[in-house]
Amino acid sequence: VNVAEEVKNPTRNLPLAIILSLLISALLYIAISVVAIATVPPVELAGNPAPLALVYERAIGESPSFIIMVSIAAIINGTLIMMIMSSRILYGMSRQRWLPSQLSRVNATTRTPLLSTVLIALLILIFTLWLPVATLAVTTSLFTLIVFFSINLSLLVIKLRERQHDSPPEGIRCYPLWIPVAGILSSATFILSQIDYWLR
3 VNVAEEVKNP TRNLPLAIIL SLLISALLYI AISVVAIATV PPVELAGNPA
53 PLALVYERAI GESPSFIIMV SIAAIINGTL IMMIMSSRIL YGMSRQRWLP
103 SQLSRVNATT RTPLLSTVLI ALLILIFTLW LPVATLAVTT SLFTLIVFFS
153 INLSLLVIKL RERQHDSPPE GIRCYPLWIP VAGILSSATF ILSQIDYWLR
């Protein structure tokens with residue numbers, strides 16, 4: 003959603019990409035879980051710090067070095083996605099004049115908000131060196147959920163204001179009111195579920 007301006011035909015392609023990515027990811031998670039449980043007993047999986055590496059070693063009979071390399075590539079990919087998402091959030095807030103205007107400047111060569119991207123990269127580096135991995139993962143999840151909560155809350159406000167205008171914003175009126183409400187409730191539930199971690 004944060005890169006909608008960079009998508010060709012976003013009205014069609016962006017919703018399709020979101021739905022397909024969710025379906026494919028869910029199917030992959032289910033398939034991997036089924037294979038893992040069928041290969042290694044759940045109790046043994048739960049007690050292992052690297053369960054997928056254990057499954058690979060048991061199933062293939064070789065060193066799990068390949069799956070470790072895949073895991074490293076996945077971590078790097080996740081970091082890049084987080085950089086893109088976060089830098090576009092700063093870019094959007096800067097365009098709305100909530101942050102300094104320098105953050106919304108687009109580089110002439112890359113056509114991307116370079117300063118916002120560099121700032122996010124530095125913040126990620128600092129937090130990676132400062133925080134434990136588990137805390138960093140929970141913190142990243144928390145901020146992502148807060149963003150989702152804010153987006154759904156904004157959509158709810160727009161939907162409520164829509165009733166007071168004859169011409170609501172394009173692309174908003176086609177969504178029923180229960181969708182942002184469901185998004186708010188689900189995001190809030192996941193945010194509250196992390197309170198136990200922070201109270202330890």
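Residue 56 in the working numbering sits at position 54 of the sequence shown, and the numbers go up by one each step. For every residue, glycine included, the Cβ atom is placed at its ideal position computed from N, Cα and C.
Where residue i falls: helix, strand or coil (DSSP)
| i | result |
| --- | --- |
| Gly63 | coil |
| Leu179 | coil |
| Arg14 | helix |
| Pro115 | coil |
| Gly49 | coil |
| Ala6 | helix |
| Pro44 | helix |
| Arg202 | coil |
Supposed contact pair residue j and residue i - C-beta distance, whole angstroms, cut 8 Å
| i | j | result |
| --- | --- | --- |
| Asn109 | Leu116 | 4 Å |
| Thr141 | Leu133 | 7 Å |
| Leu138 | Phe129 | 6 Å |
| Tyr93 | Leu82 | That belief does not hold up - the Cβ atoms of Tyr93 and Leu82 are roughly 16 Å apart, past 8 Å. |
| Leu2 | Ala33 | Nothing can be reported for residue 2: it is not among the residues displayed for the chain, which extend from 3 to 202. |
| Ile197 | Phe151 | Not quite, the Cβ-Cβ distance comes to about 14 Å (not below 8 Å), so this is no contact. |
Bounding residues of the alpha helix (DSSP H) (the contiguous stretch that carries residue i)
| i | result |
| --- | --- |
| Trp100 | Element bounds for Trp100: n/a, residue is neither H nor E. |
| Val135 | Val135 to Glu164 |
| Leu105 | Leu105 -> no alpha helix (DSSP H), and no H or E assigned at all. |
Residue i at chain D interface by Cβ criterion, 8 Å
| i | result |
| --- | --- |
| Phe68 | Given the protein chain composition of this structure (a single chain), no chain D is represented. |
The region 38-55 / the region 66-75 touching (three or more Cβ pairs under 8 Å): yes
Touching by the beta-carbon criterion (3+ pairs, under 8 Å), the region 83-98 and the region 114-132: yes
Contact between the region 138-158 and the region 177-190 (3+ Cβ pairs under 8 Å): yes
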